[in-house]
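Q:
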Amino acid sequence: MEKQNKERQNVSAVTAKEPFIDNVNKAADKGKAVPAPALQKGVPNKSLPVKGHLLTTKKDGGHDDTVQYITISKGQHFEGKVIETDYELNRFAEQQMGITVPRNWNPKYTDEEVKGIISTGKTIAYRFNLNDVNKGMELLPPEKKGFIENLDGTTSTLQKVRILDLLSQLSASDIADYRSKTNAENADAFAIEASLRAYIQQKNERLQEQSLLSLLAGELKGTDMLSLYKQYKEYNTAAPVSISPSTLAPASTTNYRQDQQRREKNNQFLENLKQNGYTVETFRQLINDYELSFRRETLYLAQDALQKYSHILFEEQEKINNDAILSSLLQQIKQSGAKEAYENADAAKSAANIIIDEKPLATETAFKLEMRAKSASETQKGNAAINALSAALALIKDNGFDKEAFSKTESKAELSAFLNEYIAGQKLNITETLKSLNEDDGLAIYAYQDLLQYSKAQQGIQKGDILDLIITDKERRESAKHLVKSLVIGVLAVALGLLTFGTGTIALLIAAGNFALGAYLTYEEIDAYQQQLAAYNVNISKDEPKAVWVILSVVGTALDLAAIGKISNNLVRAGNSFSNEQNFVKVEKELTEAGLDEGLKKKVLQALDEENKATSTEVPSAENRVIPEEKITREKLKTQGIPEEQLSYKGRDIPPLTSAELARVLEWQNVRNKFLKDWRELDFINLDPKLKSNLTKAFNSIKQRLTPDDIAAAIKEHRGGKISKLDGSHYDHIKEVDNGIRSLTNALQELQLKMNYDFPTDAKYQSLLSDLSNLKQFLTRVYP
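Written as C-alpha cells, this is what we have:
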C-alpha cells in the first residue's frame, strides 16, 4: 500500500430517496486503520446520542466535521457474531454513527484485512462528502425542508446526515401524518431527530402488526372457516353427558340419545378441523391471535385519532396566545348576536316552565308550547351564530363545547381563561382516555361500542362475517367487566368524528344504566340525525321537541334507520305527547302501537323520565315571570334521595360546567348510582347501634348530599360561582358535600373496627367496606 492514513469515504449508494450522495469521490487509496488524532485546542468533545460507543466529532480548524472516528474493539461483535467482512464492519460503523440508510464505503477491506483489524482493535476514520450533504438538503421537497431550514450553525454534518436519512424513509403522506400529530416546530436537531426516529419506529411496528393482522384475517376468511367457527362455538358450550345405555328409564334414554347426537356432532367437527389442517388447540390459537391483533390495531386507531386531536388543541392554543387573534375572536363573538339569542331562549324556557298545573287551561298549554318553540328556535339561532365562527376557532365544532358560555365572554382575559380551561380539560381527558383504553391489556376497548364499530369499519370487517362474529363474541364476554367512563365516550366521539345516533354514546350510556341523554343531544347532532333519516324519506323537523329526538335516539340503539322510518310517525306523536302533557300512559300507548317490545319501551320511558327531571327544576328569574306568581312551583331545595337521579339541566348549565368538570360529575353519577343499586337491599336492623347509625348517615348522605347536582354545585362554588335561592341568599353546597364526605369517613372507621373484632370473615361486610372505601376515594378524585 503506497499511501497511509487515508479515511474511508462514502460512495454513492442508491438506497436513499433523496440524491444527497451523488458526486462523492469514488477513488481513495486503501490505508491502515489509524488511531483517532487528538482534538485541537479549543475544539469541544461532543458526545452524540447514538447506539454503542460515544463518538467524538473532530472539527479541523473549526470548519471540517465530516470525519467520524469509529473505535473497533479487539474481537468486536456485531449482531451476535465476530465481525468478519467489510460489509459487517461498515454496518457496525453506521450503527455507531446512528445512520439508518446503508452506504458503500471506500476503500474496501479484504476479509484478511478485516481479520487483522479485529484481532488487535483499531480506530477507523469515516468521511462524508460535505458538498453532497448540502446538496441533499437543497433538493429536499417542500414538505421536508421545514425540518432542516431552521437548524442553527452548530448542527454537525453527521446529524444532518442522520436527519436526511430519516426523512428519506418518509413519503409525502407520512410527513402530513407526522405533522398532524406533532405539537411544535423545533430548531433543535437532537429533538427533530428523536421525534422522527420515534415516528418511524412506531410506523414500522404498526406495519408489522398490520401485516400479521392481514395474514390472520386472510386465513380466517378461507373456505368453510365460518362454518368451522360456528361448530367450534357449539363444541365449546356443549359438554357430553356420560350415561350407560343399559337399564335406562325413558327420561334417561332421551338424555342418552341427546348425548349421542352431541358426540356425533363433535366427532364431525373434529374431522372437519382435521381436513382443514387444524386441531382444536391450533384453531383456538388462530382465533386468539386474531383477536389480539384486532385489539392492538383498535388501540392504535384510537391513539392515532387522539394524537391528531391533541395537535388540534395545540394549534388552537397557539391562536389563543396571539393577542391580535384573540381580540378579533372576541369582536366576532360580540357581533354574532349569539349571546342575545341564548338569553331569549333561556327566558322563553323559564316562562314555559312556570306552568305546573296537572290540567292546565287551553290558553296556558298554548302559551307553554309557544314558549318552548321559541326557546328551541332561539337556541338554534345562537348555535348557528357561534358555528359561523368555526373557521376562526375549530374547537367550536367539538361535541360538548359550551357555545352558550363561550358567547357570554366579555373580555380577552375571560375568553382566554375560558378556552384555556377547555383545552386543559380536553388534554387531561385525552391522557385519561388512553390510560383507560389500555387497561387490562387493552381489553377495556370492549366497553366502547363506538370505538369497536369504528375499528371494524376501518378494517373492512363486514357484519355477520367470521371476523365480526369473533369480535362480537369477545365483546359479549368482556364488555360487562369494564366500567364505561363518560369522559372516554366524549373524547372518542370528538377524536373519531363519530355521531351518536343509534350507536356510540347513546348506546353506551344506556348500557351503563344512564338514561340522562339530553346533554348529549346537541342541535348539531340532531341536524345530523335528521339528514340520516332523510335518506330513508323520513322528514322530521329539527324544531320538534327534544323528547322526540330522545325517543328516536333510544329506539335507534335497537332498530336500524329503515325500521325507524316505518314507525317514525308513532315515535314523533309519542314525543309530542310527552312534551305537551308529560303523559306517560299516552306515550306508552303510542310506543305499543309502534310495535316496540317491553324492554325497549321501558328504556324509552326511563330516558323521558330523566329528561323530565332535567327540565322540571328550573325556576325563572323575576323579570321573566309572565304568568301569575301563584303558578310558580316551589324550588326543589334538596333531592329526595332517588338513587337513579341524574345530573339535571340546572346542575349542568346554570351556571355551566366546563367540559372537564362535566366529565368528572358524570363519572361520579355512574359510580354513585351503581353503588346504591348494589347495596339498596342492605338491612341495618340487626347491626350494632353505633355502626347502624353511621352507615345510615353515610347512605343518606350519598342519596341526599352527594347527588350529581350537589357535586356539580360544589365544584362551581369552589371556583367562585354562587347558586341563589328564591329569597336571594346563596346555597353552601361545599359545606353539604364536606359533611357528606365526613359521614362516609365515620362509617368506614366504624365498619373497619367491627370487621377487626366482630365479623372479620363476613363476606358481605368485607365487600361493603371495599365498595364504600372505593366510593370515597373516587369522590375525592372527582371533587376538588
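In case it helps, the numbering used here puts the sequence shown at residues 14 to 797. Glycine is no exception: its CB is placed at the ideal position from the N, C-alpha and C atoms.
Can you tell me whether DSSP reads residue 525 as helix, strand or coil?
A: Note that residue 525 scores 49 on pLDDT, short of 50, meaning its location in the model is unreliable and no value can be drawn from it.
Q: Under a three-way DSSP split, which group does residue 495 fall into?
A: Of the three classes helix, strand and coil, the one that applies to residue 495 here is coil, per DSSP.
Q: According to DSSP, is residue 138 part of a helix, a strand, or is it coil?
A: It is a strand residue.
Q: Among residues of its own chain, excluding the 5 on either side of residue 4, which ones have a beta-carbon nearer than 7 Å to its beta-carbon?
A: Outside the modelled stretch of the chain, which goes from 14 to 797, sits residue 4, for which no answer is possible.
Q: List in chain order: all unbroken beta strand (DSSP E) runs of 3+ residues lying wholly within the stretch 296-384.
A: For the stretch 296-384, not a single whole beta strand (DSSP E) run of length 3 or above is found.
Q: Roughly how many angstroms lie between the CA atoms of residue 112 and residue 673, to the nearest whole one?
A: Going by the C-alpha atoms only, they are around 44 Å apart.
Q: Residue 487: buried (16+ other C-beta within 10 angstroms of its C-beta) or exposed?
A: Flag for residue 487 reads buried.
Q: Give the DSSP bridge partners of residue 596, in chain order.
A: Looking at the DSSP assignment, residue 596 forms no beta bridge with any residue, so it has no partner.
Q: I need the boundaries of the beta strand (DSSP E) containing residue 84, first residue and last residue.
A: First-last of the beta strand (DSSP E) with residue 84: 80-85.
Q: Have a look at the DSSP bridge pairing and note the partners of residue 95.
A: DSSP lists 90 as partners of residue 95.
Q: Could you give the DSSP three-state label for residue 582: helix, strand or coil?
A: In the structure shown, residue 582 sits in a helix (DSSP, three-state: H, G or I).
Q: What is the rounded straight-line gap between the Cα of residue 98 and the Cα of residue 174?
A: Each residue's alpha carbon lies about 24 Å from the other.
Q: Could you please give the first and the last residue of the uninterrupted alpha helix (DSSP H) stretch that includes residue 117?
A: Here residue 117 belongs to no alpha helix (DSSP H); instead the beta strand (DSSP E) covers 117-119.
Q: Counting Cβ pairs, one atom from each stretch, are 3 or more of them under 8 Å apart for the stretch 716-736 and the stretch 673-686?
A: Counting Cβ pairs under 8 Å, three or more are found: they touch.
Q: With respect to the alpha helix (DSSP H) encompassing residue 216, which residues constitute its N-terminal and C-terminal limits?
A: Its alpha helix (DSSP H) spans residues 202-233.
Q: If I measure Cβ to Cβ from residue 91 and keep anything under 7 Å in the same chain, skipping five residues before and after, which residues do I get?
A: If we look at residue 91 and ignore the five residues flanking it on each side, its Cβ neighbours are 101, 104 and 105.
Q: In three-state DSSP terms, what is residue 155?
A: Three-state result, residue 155: helix.
Q: What is the rounded straight-line gap between the Cα of residue 686 and the Cα of residue 720?
A: Their backbone Cα atoms lie some 9 Å apart in a straight line.
Q: With a CB to CB cut of under 7 Å and the five nearest residues on each side skipped, what residues in its chain are close to residue 763?
A: Closer than 7 Å at Cβ, skipping near neighbours: 703, 704 and 707.
Q: What are the start and end residues of the alpha helix (DSSP H) that includes residue 192?
A: Taken as a continuous stretch (DSSP letters only), the alpha helix (DSSP H) holding residue 192 covers 185-192.
Q: Are residue 600 and residue 613 close, meaning C-beta to C-beta below 8 Å?
A: Not in contact: residue 600 and residue 613 (Cβ atoms no closer than 8 Å).
Q: Note down the Cα distance separating residue 789 from residue 605, rounded to an integer number of angstroms.
A: Taking the straight line from one Cα to the other gives about 43 Å.
Q: Does the stretch 220-240 come close enough to the stretch 300-307 that 3 or more CB-CB pairs lie under 8 Å?
A: Output reads yes: the stretch 220-240 touches the stretch 300-307.
Q: What number of angstroms, rounded off, separates the C-alpha of residue 782 from the C-alpha of residue 761?
A: Distance between the alpha carbons of residue 782 and residue 761 is about 7 Å.
Q: Compare the C-beta of residue 139 against all C-beta atoms of chain C and say whether one is closer than 8 Å.
A: This model lacks chain C altogether, as it is built from one protein chain only.
Q: Quick one: using the 10 Å Cβ neighbour count with 16 as the cut-off for buried, is residue 244 buried or exposed?
A: Buried: at least 16 other Cβ atoms inside 10 Å.
Q: So for residue 702, helix, strand or coil by DSSP?
A: Helix.
Q: Terminal residues of the continuous alpha helix (DSSP H) containing residue 291?
A: Where residue 291 is concerned, there is no enclosing alpha helix (DSSP H), given that its DSSP letter is neither H nor E.
Q: Would the C-beta of residue 111 count as close to the ligand SAH, meaning under 7 Å from any of its heavy atoms?
A: The ligand SAH is absent from the structure shown, which contains no ligand whatsoever.
Q: Assuming residue 671 contacts residue 434 (C-beta within less than 8 Å), just tell me the rounded distance between them.
A: Going by Cβ atoms, the distance from residue 671 to residue 434 rounds to 5 Å, so yes, they are a contact pair.
Q: Take residue 701 and list the residues in its own chain whose beta-carbon comes closer than 7 Å to its own, dropping the five residues that flank it on each side.
A: Here the set comprises 767.
Q: Decide if the stretch 208-215 is in contact with the stretch 280-291; the criterion is three or more beta carbon pairs, one per stretch, under 8 Å apart.
A: Flag = no, the stretch 208-215 and the stretch 280-291 do not touch.
Q: Helix or strand or just coil, what does DSSP make of residue 669?
A: Correct three-state label for residue 669: strand.
Q: For residue 585, I'd like the list of residues in its chain whose CB is within less than 7 Å of its CB, leaving aside the five on either flank, ordered along the chain.
A: 553, 557 and 561, listed in sequence order.
Q: Please determine if the stretch 445-457 and the stretch 310-323 are in contact, where contact requires at least 3 C-beta pairs separated by less than 8 Å.
A: Segments in contact, yes.
Q: Is the number of C-beta pairs between the stretch 110-130 and the stretch 144-152 that are closer than 8 Å three or more?
A: In short, these stretches do not touch, since the Cβ pair count stays below three.
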